[in-house]
Amino acid sequence: SHGGTGYPFGVSCSNDCYIYRTASAGATPGVDRLQVKGDLPTAQYGPGIVIHKHFLYTIGGTTGFDYTCDVYRLDLRTGIWENVYISRPEMRDDPEGRYRHEVVYDGKHIFVLGGGTSHSVYDLQRIPAYNLEANCWDYFETYPDQRAVDADDGNRGYPKPRKCFSCVQHQSSTGDIEAFITGGLQGDFSTYFSDIWKLNLRTKHWYRIETAILPRPLYFHSAAHSDNGCMYVFGGIEYIDKEMRRRNDLYKMWMTVPKLSEMCWDAITYYNDNLDLYDRKTLLKAGIPKRFTERLPPQRRRRLDPSQPDPSMLISLYSNPKRARSSTQ
Numbered sequence: 001s002h003g004g005t006g007y008p009f010g011v012s013c014s015n016d017c018y019i020y021r022t023a024s025a026g027a028t029p030g031v032d033r034l035q036v037k038g039d040l041p042t043a044q045y046g047p048g049i050v051i052h053k054h055f056l057y058t059i060g061g062t063t064g065f066d067y068t069c070d071v072y073r074l075d076l077r078t079g080i081w082e083n084v085y086i087s088r089p090e091m092r093d094d095p096e097g098r099y100r101h102e103v104v105y106d107g108k109h110i111f112v113l114g115g116g117t118s119h120s121v122y123d124l125q126r127i128p129a130y131n132l133e134a135n136c137w138d139y140f141e142t143y144p145d146q147r148a149v150d151a152d153d154g155n156r157g158y159p160k161p162r163k164c165f166s167c168v169q170h171q172s173s174t175g176d177i178e179a180f181i182t183g184g185l186q187g188d189f190s191t192y193f194s195d196i197w198k199l200n201l202r203t204k205h206w207y208r209i210e211t212a213i214l215p216r217p218l219y220f221h222s223a224a225h226s227d228n229g230c231m232y233v234f235g236g237i238e239y240i241d242k243e244m245r246r247r248n249d250l251y252k253m254w255m256t257v258p259k260l261s262e263m264c265w266d267a268i269t270y271y272n273d274n275l276d277l278y279d280r281k282t283l284l285k286a287g288i289p290k291r292f293t294e295r296l297p298p299q300r301r302r303r304l305d306p307s308q309p310d311p312s313m314l315i316s317l318y319s320n321p322k323r324a325r326s327s328t329q
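Under UniProt numbering, the letters of the sequence shown match residues 1 to 329, in that order.
Right under this line is the structure:
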């Protein structure tokens, strides 16, 4: 992660960069602050960041007063920051300063989606993209989803301008890179979104996801994706009945049709929410592949409590899963 602020927002900003070590490959989980030097970006919050090769790129952000769309990059091998582009929209065709935008990339361009200032938002029809090789800004016109066109509602088939939304990118089975955006709000702080859209970075075509929406309008949330094609949305501010509430809910959505093995694992975890009570040998003996058991958190100590599930419950799930699920609730 890079940058950020705390409450009261904008009074104190950071340009620190942190790295989180997961428990994969036997590493000890933890968070480290990177020791860096060079031409550091201004301390601010709300930038977009992406990793390309051995560089971490950061674009835009705000101090709480000024908004930029400058491009900096950090060499993750040497810990040296450098400024690679200063945007000057008043002098040339550079994008306006913004924060709470999202960035995705295809190896050649870093696409900047939406974002805004304290009182404005930018559209998602004409997208600025930083050219990694030419060190300049290009612009791409996108194509609408004709199914979403609604003349009465003023919808032209594009997602409405927004900021404070979430975005993940996913590579489809055809090799195309797709960006999924969820939620967000407009600059008037009176229009909030629960819709989900997909942008194909090769064809520049927008598609509105018709099979799923967020349960309620949401903004300032975060999203991540897993290698198996699942998107997770966490936290944010929920708008319902003219009230705003901070949430810590976790939602998930498949961005592609999952493999049959993933469907089976979903069923097992749904019908047995106590898998972390079992040692890994028991799970492997039950026929669960190692690549799935490795996803589980460390084993919890089993309590000698009659209300806890019996060790034989795992096997019974295969014969009558719905009945087994109800007996544990």
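We treat Cβ as the ideally placed atom computed from N, Cα and C, and that holds for glycine.
Nearest to residue i (by Cα), restricted to the options the options
| i | options | result |
| --- | --- | --- |
| Asp-94 | Leu-185, Gly-64 and Arg-126 | Arg-126 |
| Tyr-192 | Gly-229, Cys-164 and Arg-291 | Cys-164 |
| Phe-234 | Tyr-251, Gln-44 and Lys-242 | Tyr-251 |
| Ala-23 | Asp-16, Cys-17 and Val-31 | Val-31 |
| Pro-159 | His-170, Gly-183 and Phe-55 | Gly-183 |
| Thr-211 | Glu-178, Ser-173 and Ser-194 | Ser-194 |
| Ala-43 | Asn-131, His-119, Asn-15 and Ile-19 | Asn-15 |
Per DSSP, the bridge partner or partners of residue i
| i | result |
| --- | --- |
| Thr-68 | Gly-61 |
| Val-121 | Gly-116 |
| Arg-73 | Tyr-57 and Glu-82 |
| Met-231 | His-225 and Met-253 |
| Gly-197 | Checking the sequence, you will find Trp at residue 197 rather than Gly. Paired residues: Ile-181 and Arg-208. |
Pairwise C-alpha distance: residue j and residue i
| i | j | result |
| --- | --- | --- |
| Asp-176 | Met-255 | 13 Å |
| Leu-283 | Ile-268 | 11 Å |
| Ile-49 | Ser-261 | 33 Å |
| Tyr-278 | Met-263 | 21 Å |
| Asp-123 | Tyr-139 | 13 Å |
| Arg-92 | Trp-137 | 10 Å |
| Gly-287 | Asp-276 | 16 Å |
| Asn-272 | Arg-216 | 28 Å |
| Trp-81 | Pro-89 | 23 Å |
| Ala-148 | Ala-27 | 47 Å |
| Asp-39 | Val-84 | 10 Å |
| Glu-96 | Phe-9 | 22 Å |
| Gly-107 | Tyr-45 | 25 Å |
| His-205 | Ile-110 | 17 Å |
| Ser-87 | Ser-226 | 33 Å |
| Cys-69 | Trp-265 | 43 Å |
| Arg-77 | Glu-102 | 25 Å |
| Pro-258 | Ser-173 | 11 Å |
| Val-71 | Pro-298 | 40 Å |
Cβ-Cβ separation, residue j to residue i (assumed contact under 8 Å), whole Å
| i | j | result |
| --- | --- | --- |
| Arg-98 | Gly-115 | 4 Å |
| Gly-61 | Pro-47 | 3 Å |
Cutoff 8 Å; reference residue i; Cβ partners in own chain excluding five residues on either side
| i | result |
| --- | --- |
| Gln-35 | Gly-79 |
Neighbourhood of residue i by C-beta distance below 6 Å, restricted to the same chain and skipping five residues each side
| i | result |
| --- | --- |
| Tyr-232 | Ala-224 and Lys-252 |
| His-2 | Cys-17, Ile-49 and Thr-58 |
| Thr-117 | Tyr-67 |
Sequence-distant residues of the same chain with beta carbon closer than 7 Å to residue i, five excluded per side
| i | result |
| --- | --- |
| Pro-161 | Gly-114, Val-121, Tyr-122, Asp-123, Leu-124 and Gln-186 |
Minimum Cβ-Cβ distance from residue i to chain B less than 8 Å
| i | result |
| --- | --- |
| Pro-95 | Protein chains in the displayed structure number just one, and chain B is not present. |
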